[in-house]
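The numbering used here applies: residue 1 is where the sequence shown begins, and numbers increase by one.
Below is one structure; the comments refer to it alone.
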Amino acid sequence: MDIVIIGGGVIGTSLAYWLADKSKLAVTLVEGNANFAQNGTASFASAGLLTPAAAIGTNPAITGLIKRGFDLYPELAAKLRRDHPELAGTGYFELDQLRIAATEAEEEELHRRQEWYVETGLAPEARWLTPPELAEVEPLVGPNFGAIIFKGGLVRPPWLTRTLARAAAAKGVTFKSGNPVTNLLVENGQVTGVQLQDGEIIEAGKVVVAAGAWSGVWLEQQLSKLKIVTPGLKWSQKVMPVRGQLLAVLPPPGTSPLRHILAGAGGYGYPRADGTVAFGATEEHEAGFEVAITPDGYSQLIAMMKVLAPSLLTAPVSENWAGLRPGAKDGLPLMGELPQLPGLWLATGHFRSGIVMAPSTAELMSEALINGSPEAIARLKAYNEATQF
């Protein structure tokens, strides 16, 4: 075996698919849960929003990765649909986003943001809508001071994850689920493979950790057992679970359908294929690994609705759900080879942007893993320097 990937979320399955599509390497993906995109994971719970606006508030080191991921989705979705019509697909469709100013201060900030979108090329089509113009294109929006409109899109993360897994399997990737990796195997300072819970050993020269919110704890345990020191890094704090709660409401008959993705008030709203409208998501850094729906989370979501679409406040709640995102402490994903242990690679910590960054992460990582592309290695080194890993 050439490569073992630990983690069957959207990052792990994207990487498996890219490796299989671009090389003849022998790849095994190990998912500790019984199912891919299992309840409680980010790949299950994520809204699936695709937007270059994810670059706002992030370190400039990943701005290009976000834009590249956004740009790759139309091609990826079409390729998966063409090559595997028997699969569920990705649920991908294009839908413009509205970023709404609820106060005068936000209006000033969003005007600056619009200029930044255009100047950086993240969203060159971004333009400003006055309150009357906004009311015309999106009747559900509440009182406001205007909005930016720009390109966006949606996918169904569980569909995407499972379709990528099956497409990768069709190209020769081996998948193992319900049997987690319990030991990282090392000889003479070099990774040689992994051992699963049932004792099975899989030999591999490269192991990629893409275990989402569980990556930090797993890394800390394994490196401690191997007595490998990473100065200044406590992995359980470098990548940690951040709970996000969401809810969906069923608009009453006669309600104007939501025509855009809405963003503002620290959250978002988006239409779903079943006719419901979903709102999310909370950002809970102290929840640990507890996947739960809470009264406080519900209150936060209602507060978002009051700003984004107040006319839906009386609509019945049809669903609540939650998941754990892999929150990187400094907001940067961890990608590339761990300097202290050759053969151990990381692809984790994408936080709220894992869906939009999955294709570009897989593209970049696969280039480095397949043939050690100097350009890819240099880009990963720049990310690593920015995130101090």
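Backbone N, C-alpha and C fix where the C-beta goes; we use that ideal spot for every residue, glycine too.
Around the beta carbon of N144, a 10 Å sphere encloses 16 or more other beta carbons of the protein chains shown; the residue is thus reported as buried. Here N384 is buried: its Cβ has 16 or more other Cβ atoms, across all protein chains shown, within 10 Å. Secondary structure of E337 (DSSP, three-state): strand. Going by C-alpha positions, G267 is about 6 Å away from A281. Contact annotation, A210 with L65: C-beta distance approximately 15 Å; criterion of less than 8 Å not satisfied. Residue environment analysis places S224 among the exposed positions, since fewer than 16 neighbouring C-beta atoms fall within 10 angstroms of its C-beta.
Taking C-alpha positions only, S373 is separated from G254 by approximately 56 Å. Close CB contacts of T174 within its chain, under the 6 Å cut and outside five residues either way in sequence, are with T28 (chain order). The stretch 292-299 and the stretch 331-342 do not touch, with fewer than 3 CB-CB distances between them shorter than 8 Å. Residues of the same chain with a CB within less than 7 Å of the CB of G12, apart from the 5 flanking positions on each side, are I5, L29 and A210 in chain order.
Taking a contact as a CB-CB distance under 8 Å, the pair A376 and A368 counts as one, their CB atoms being some 4 Å apart. By the Cβ rule, the stretch 245-263 counts as touching the stretch 134-142, because three or more pairs are nearer than 8 Å.
Of all alpha-carbon atoms in I228, H350 and S366, the one lying nearest the alpha-carbon of A61 is that of H350. DSSP places T174 inside the beta strand (DSSP E), whose first and last residues are T174 to S177. Taking 9 Å as the cut-off, the Cβ atoms of V277 and I100 do not count as close.
Judged by DSSP in its simplified three-state form, K206 adopts strand.
A residue is called buried when at least 16 other Cβ atoms come within 10 angstroms of its Cβ; Q237 does not meet this threshold and is exposed. The C-beta separation of Q195 from T182 comes to about 6 Å, placing the pair in contact by the 8 Å criterion.
By the neighbour-count definition (other C-beta atoms within 10 Å, threshold 16), R112 is an exposed residue.
The C-beta distance from P241 to L324 rounds to 4 Å, short enough to meet the 8 Å contact threshold.
Within the same chain, L247 and I293 come within 6 Å of N320 by CB-CB distance, once the 5 residues on both sides are set aside. Within its own chain, the residues whose Cβ lies closer than 7 Å to the Cβ of G343, once the five positions on either side in sequence are excluded, are Q190, V191, G205, K206 and V207, listed in chain order. The DSSP-derived three-state label of Q197 is coil. Each of L164, Q197 and V186 was checked against the Cα of S177, and the nearest Cα belongs to Q197.
When the alpha-carbon of R259 is set against those of A378, L380 and E94, the nearest one is in E94.
Secondary structure of P241 (DSSP, three-state): strand. Here V186 is buried: its Cβ has 16 or more other Cβ atoms, across all protein chains shown, within 10 Å. The shortest C-alpha to C-alpha distance from R68 to any of L364, K381, A378 and L380 is the one to L364.
In the three-state reduction of the DSSP assignment, G69 falls in the helix class, which pools H, G and I. According to the DSSP assignment, Y17 belongs to no beta strand (DSSP E) but to the alpha helix (DSSP H) extending over V10 to K22. Note on the stretch 73-130: whole alpha helix (DSSP H) runs with a minimum of 4 residues are 104-120, in chain order. A residue is called buried when at least 16 other Cβ atoms come within 10 angstroms of its Cβ; R82 does not meet this threshold and is exposed. Here the alpha carbon of E286 sits roughly 42 Å from the alpha carbon of P85.
In this chain, the alpha helix (DSSP H) harbouring E367 covers G354 to N371. The three-state secondary structure of V277, taken from DSSP, is strand. In this structure, G146 is the residue among A53, A102, T361 and G146 with its C-alpha nearest to the C-alpha of P131.
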